[in-house]
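The numbering used here numbers the first residue of the sequence shown as 150 and each following residue consecutively. Every residue, glycine too, gets a C-beta built ideally from N, C-alpha and C.
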Amino acid sequence: MKFHVFQDGKAVESFLPCGAYLFGTDGISVRRTKIGFKKGYVECVRPNMETAGLALLWPIQGFGRILLPTTCLPERDRPYNLNVEIVRAKLMQITNRREDWSFFDEIEGMEGVSQQSQDLFIDAIQNIGDPERASQLADESLRKAMVYSEKLAVRQGKSLFDRRRKSHGFSRGCLGCRIDPALMSKSAYVDKLAELFASVTVPVNWARIETRQGHYDFSDLDACITMLSRRKAVLSAGPLLRFSKESLPDWLLQSGMGFEKMRETAYQFVSKVVARYAAMVHRWYVISGLNAVNQFNFNFEQILEMTRAANMAVRAAGSRAVRVIEVSCPWGEYYATTPGSIPPFVYMDMVVQSGTSFDAFGLQMRFGKDESGMHLRDMMQISSILDCFAPVAKPLHITDVQIPSESGKGPFSVDVAGLWHRKWDQARQGQWLDRFYKIVLSKPFVEAVNYGSLADDPAETIPHGGLLTEQLEPKEAFATLKRLHVSMFKR
Numbered sequence: 150m151k152f153h154v155f156q157d158g159k160a161v162e163s164f165l166p167c168g169a170y171l172f173g174t175d176g177i178s179v180r181r182t183k184i185g186f187k188k189g190y191v192e193c194v195r196p197n198m199e200t201a202g203l204a205l206l207w208p209i210q211g212f213g214r215i216l217l218p219t220t221c222l223p224e225r226d227r228p229y230n231l232n233v234e235i236v237r238a239k240l241m242q243i244t245n246r247r248e249d250w251s252f253f254d255e256i257e258g259m260e261g262v263s264q265q266s267q268d269l270f271i272d273a274i275q276n277i278g279d280p281e282r283a284s285q286l287a288d289e290s291l292r293k294a295m296v297y298s299e300k301l302a303v304r305q306g307k308s309l310f311d312r313r314r315k316s317h318g319f320s321r322g323c324l325g326c327r328i329d330p331a332l333m334s335k336s337a338y339v340d341k342l343a344e345l346f347a348s349v350t351v352p353v354n355w356a357r358i359e360t361r362q363g364h365y366d367f368s369d370l371d372a373c374i375t376m377l378s379r380r381k382a383v384l385s386a387g388p389l390l391r392f393s394k395e396s397l398p399d400w401l402l403q404s405g406m407g408f409e410k411m412r413e414t415a416y417q418f419v420s421k422v423v424a425r426y427a428a429m430v431h432r433w434y435v436i437s438g439l440n441a442v443n444q445f446n447f448n449f450e451q452i453l454e455m456t457r458a459a460n461m462a463v464r465a466a467g468s469r470a471v472r473v474i475e476v477s478c479p480w481g482e483y484y485a486t487t488p489g490s491i492p493p494f495v496y497m498d499m500v501v502q503s504g505t506s507f508d509a510f511g512l513q514m515r516f517g518k519d520e521s522g523m524h525l526r527d528m529m530q531i532s533s534i535l536d537c538f539a540p541v542a543k544p545l546h547i548t549d550v551q552i553p554s555e556s557g558k559g560p561f562s563v564d565v566a567g568l569w570h571r572k573w574d575q576a577r578q579g580q581w582l583d584r585f586y587k588i589v590l591s592k593p594f595v596e597a598v599n600y601g602s603l604a605d606d607p608a609e610t611i612p613h614g615g616l617l618t619e620q621l622e623p624k625e626a627f628a629t630l631k632r633l634h635v636s637m638f639k640r
């Protein structure tokens, strides 16, 4: 497939297809594909002739740069007009969401905007023989469609959020944050943590705890968990297991042990940690991201077996806490390029079908980096993907939420990671989080939302992604979440 790319009604000579991947009619990324830009066209080479859609970071004048898909299209010799196909998919999504949400009223200040967008799209289709003119009409249609879709998703989210709030549908531990143990000695950090969050997640890193096989250093964990337990916080800990290089001890990476031995070693580590803190921890993030991050290239059956064994270890160690299985990258872009990975819905379904005993799924949502799963999505896409998880027979926790408060460089540049209306600053971060949290918490199956970092840290996945500066001064996002917390629990 080829897609002709236009900007301001003219064919572009240079274009970087950031975050680009192909997906099938089932929404699953297509493997063994090649996507590149050449002489005005995005060219997509794939292993079969089945219909597929293209998703990539796309500029929208006045709105930003958002990762957007086309509809699924058949292969043909004649190139598609990418500008037209992207707005076609967005208008189709708006129509589907309005039907699913039974939302047919006009949105205040948006009267007629949806119809105007559709009329412009029809004009673009009628001018498809004049690709430059069609692209201009499509761009104008998309601008209106993006504004309308955002307003629609926010309006729907706020309506259901208010309904849930009035019915006292939120638990004390539904708003949480992951801490940095190295900062727990600073009173300003601890005070700000206690000011906003009743629920706290203490990170567990196997690589730092068991630096030598059979020798455990629990000093950092002991200090954090003891302090937070005294403060009556709702304590979470984990992930106990994450099979990424930085989360695994060097001795394990170099051991060359087979899967059976690896499973026993992981089981033993989980048992040690859980037994030590079973009386204080209310929620365990048992295993994280095994759908997407698989350092040892476990096969499908081994992934399921490791997931099952880790959850068994928590229960066998005497803990009655909630057990959460964390899933990375809910849109599943990584599947196109990562060997040994499993699409998120397939992994979740197979874990449930296998009879693994656990209590909830966690869903990581981080944006602001040119990396699979972290390119910026719009609010309607976020709301829509969450609706897709509704049929899963387990509650959902949204974890590791992060969005920057400052535009970065390299992989964190807005040109390659995404942009929301204008360059990131503290006000923009706060506004984004206000909308995101209300949409997420409007879903009755979402039990908790955990922010990924209380304070800025250059080493974090998303730099400038904290609610406090490096000097521990509160950002506007901190005040935003505090207002949200007050509104949720005022009687």
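Item	Value
Tell me, to the nearest whole angstrom, how far the beta carbon of residue 483 is from that of residue 521; I am working on the premise that it is less than 8 Å.	4 Å
Could you give the distance in angstroms between the alpha-carbon of residue 346 and the alpha-carbon of residue 221?	43 Å
Rounding to the nearest angstrom, what Cα-Cα distance links residue 382 and residue 348 in this structure?	6 Å
Ignoring anything shorter than 4 residues, give me the alpha helix (DSSP H) runs that lie fully in the segment 173-233, in order along the chain.	none
Between the Cα of residue 354 and those of 392, 170, 250, spot the shortest distance and give me the residue it belongs to.	392
What three-state label does DSSP hand residue 403 in the structure shown?	coil
Per DSSP, what kind of secondary structure is residue 530 in: helix, strand or coil?	helix
Who are the near neighbours of residue 290 in its chain, counting only those whose CB is closer than 7 Å to its CB and skipping five residues on each side?	236, 266, 269, 270, 273
Measure the Cβ-Cβ separation of residue 544 and residue 508 and say whether it is below 9 Å.	yes
Counting C-beta neighbours from all protein chains within 10 Å, is the total for residue 486 16 or more, i.e. buried, or is it exposed?	exposed
Can you tell me the Cα-Cα spacing of residue 410 and residue 454, whole angstroms?	13 Å
Assuming residue 492 contacts residue 481 under a Cβ cut-off of 8 Å, what Cβ separation, rounded to an integer in Å, is found between them?	5 Å
Beta-carbon within less than 6 Å of residue 470's beta-carbon, same chain only, minus the 5 sequence neighbours each way: which residues are those?	430, 431, 432, 433
What residues are listed by DSSP as bridge partners for residue 436?	390, 474
Using only the alpha-carbon positions, how far apart do residue 599 and residue 283 sit?	44 Å
With a cut-off of 9 Å, does the C-beta of residue 155 fall near any C-beta of chain D?	Protein chain content of the structure displayed is limited to a single chain, and chain D is not contained in it.
Whole-angstrom Cβ separation of residue 224 and residue 150, contact assumed at under 8 Å?	5 Å
Mind pulling the beta strand (DSSP E) runs of 3 or more residues that sit fully within the segment 298-357?	324-327, 348-351
So, at 8 Å on beta carbons, what are the nonlocal neighbours of residue 501 in its own chain, with the 5 sequence-adjacent residues on each side left out?	541, 542, 543
Within its chain, find whatever has a CB closer than 7 Å to the CB of residue 619; leave out the 5 residues flanking it on each side and keep chain order.	604, 605
Is the segment 290-300 touching the segment 312-332, taking contact as three or more C-beta pairs under 8 Å?	no
What would DSSP say about residue 621, mapped onto helix, strand or coil?	coil
Can you list, in chain order, the stretches of the alpha helix (DSSP H) that have 4 or more residues and sit fully within the segment 559-637?	563-566, 575-590
Since residue 216 and residue 206 should fall inside the 8 Å C-beta cutoff, what is the C-beta to C-beta distance between them, to a whole number of angstroms?	5 Å
Taking 6 Å as the limit between beta carbons, can you name the residues of its chain near residue 420, skipping five residues before and five after?	462, 466
Do the segment 365-381 and the segment 397-410 meet, that is, are 3 or more Cβ pairs less than 8 Å apart?	no
Output the residue ranges of the alpha helix (DSSP H) runs that lie fully inside the segment 483-519 and measure 4 residues or longer, sorted by chain position.	493-502
Helix, strand or coil: how does DSSP classify residue 639 here?	coil
With respect to the beta strand (DSSP E) encompassing residue 151, which residues constitute its N-terminal and C-terminal limits?	151-153
If you compare alpha carbons, which of 574, 214, 594 is closest to residue 166?	214
What would DSSP say about residue 256, mapped onto helix, strand or coil?	coil
So the alpha helix (DSSP H) residue 451 belongs to, where does it begin and stop?	449-465
Taking the alpha carbon of residue 473 as the reference point, which residue from 512, 445, 243 has its own alpha carbon closest?	512
According to the neighbour-count rule (16 or more other Cβ atoms, all chains shown, within 10 Å of its Cβ), is residue 529 buried or exposed?	buried
Return helix, strand or coil for residue 641, following the three-state DSSP convention.	Residue 641 falls outside the range modelled here, since the chain spans only 150 to 640, and no answer is possible.
Give a yes or no on contact between the segment 244-257 and the segment 176-186, applying the rule of three or more CB pairs nearer than 8 Å.	no
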